[in-house]
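J.: A single structure is presented below for examination.
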Amino acid sequence: MTSQASIPIILKAYRDIIDNALRGSLADESLPVYAMLRYCMGWSDCEGEKVNGITGKAVRLSLCMFACESTGGDVKYAVPAAVALELIHNFSLIHDEIQDHDEIRHHRDTLWKVWGVPKALVAGNILRVVADKALEPLYQLGRPEAMEIGRNLVTEACFEMIEGHYLDISFEGRLDISQDEYIGMISRKNGAMIPRSIRS
Numbered sequence: 477m478t479s480q481a482s483i484p485i486i487l488k489a490y491r492d493i494i495d496n497a498l499r500g501s502l503a504d505e506s507l508p509v510y511a512m513l514r515y516c517m518g519w520s521d522c523e524g525e526k527v528n529g530i531t532g533k534a535v536r537l538s539l540c541m542f543a544c545e546s547t548g549g550d551v552k553y554a555v556p557a558a559v560a561l562e563l564i565h566n567f568s569l570i571h572d573e574i575q576d577h578d579e580i581r582h583h584r585d586t587l588w589k590v591w592g593v594p595k596a597l598v599a600g601n602i603l604r605v606v607a608d609k610a611l612e613p614l615y616q617l618g619r620p621e622a623m624e625i626g627r628n629l630v631t632e633a634c635f636e637m638i639e640g641h642y643l644d645i646s647f648e649g650r651l652d653i654s655q656d657e658y659i660g661m662i663s664r665k666n667g668a669m670i671p672r673s674i675r676s
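Here is the structure:
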């Protein structure tokens with residue numbers, strides 16, 4: 477878990493605004509899966525009890541907000557996109573942890589380690605859909621075109637990330653991976669979200 481003190485000041489500029497919106501996107505209490513997702517985001521323990529602290533440095537969502545600010549836009553219109561980007565990032569981490577058999581993230585058991593692979597897979601899939609729904613406030617704010625653009629960008633990024641995950645798996649056990657092949661894999665897997673964070 478990343479401590480508040482270790483996060484660069486510039487990445488704290490919009491943290492409170494985004495954090496409130498993120499929590500709102502996963503406030504559903506109707507099914508236990510949402511408690512799992514709140515655990516995944518670092519807001520609660522595995523019993524559902526709230527915990528203090530934040531996870532990650534929020535680079536992608538900060539870039540989204542700064543891109544809006546730097547072009548003179550109203551940052552309230554960037555919040556839904558920033559939330560969607562962060563949720564997509566965490567969706568990818570859930571599946572990546574299963575793929576790589578990672579048992580620990582941010583000094584805590586990963587989702588699949590606590591609840592098992594089948595439930596973690598479903599939780600990741602739900603988080604992917606919640607990311608799409610996170611863009612709906614743009615429609616309510618009178619920006620339906622921005623909502624569609626956002627969905628297209630998120631879908632493109634998701635597609636590239638999944639391609640990257642596939643390449644990562646296919647490279648396992650191979651000793652003949654070229655530098656270009658490796659860079660192509662990581663540019664999809666790890667790099668797909670960064671350029672989308674600053675596109676309008």
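Residue numbers (the working numbering): 477 to 676. Don't be surprised by glycine CBs; every beta carbon is placed ideally from N, CA and C.
Counting only beta-carbon atoms, is G660 nearer than 7 Å to chain D?
T.: This model lacks chain D altogether; it includes just one protein chain.
J.: Given V535, which residues of its chain have a CB within under 6 Å of its CB, disregarding the five upstream and five downstream residues?
T.: Sequence-distant Cβ neighbours of V535 in its own chain, meaning closer than 6 Å and more than five residues away, do not exist here.
J.: Measuring alpha carbon to alpha carbon, tell me which residue in E639, V527, L643, V509 is nearest P594.
T.: Measuring from the Cα of P594, the nearest candidate turns out to be V509.
J.: What is the DSSP secondary structure of R584, counted as helix, strand or coil?
T.: strand
J.: Among the residues of its own chain, which have a CB less than 6 Å from the CB of L569, if the five just before and after it don't count?
T.: none
J.: Compute the beta-carbon to beta-carbon distance between W519 and R499, rounded to the nearest angstrom, for a pair I have assumed lies under 8 Å.
T.: 7 Å
J.: Given this structure, state the Cα-to-Cα distance separating N528 from C522, to the nearest angstrom.
T.: 14 Å
J.: Keeping to the same chain, check which residues put their C-beta closer than 7 Å to that of G600; ignore five residues upstream and five downstream.
T.: Only F567, I570, H571 meet the Cβ criterion.
J.: Return the residue from the list F647, L651, L614, G524 that minimises the CA-CA distance to W591.
T.: G524
J.: Which whole-angstrom value describes the C-beta separation of L614 and P556, a residue pair presumed to lie in contact below a C-beta threshold of 8 Å?
T.: The pair is a contact, with the Cβ atoms about 5 Å apart (cut-off 8 Å).
J.: What separation, rounded to the nearest whole angstrom, lies between the Cα atoms of N496 and G649?
T.: 43 Å
J.: State the DSSP-derived secondary structure class of K609, mapped to helix, strand or coil.
T.: helix
J.: Roughly how many angstroms separate the alpha carbons of L502 and L487, rounded to a whole number?
T.: 22 Å
J.: Report the residue from Q616, K665, D644 whose alpha carbon sits nearest the alpha carbon of F635.
T.: K665
J.: Tell me S506's beta-bridge partners as DSSP assigns them.
T.: S506 is not bridged to any residue.
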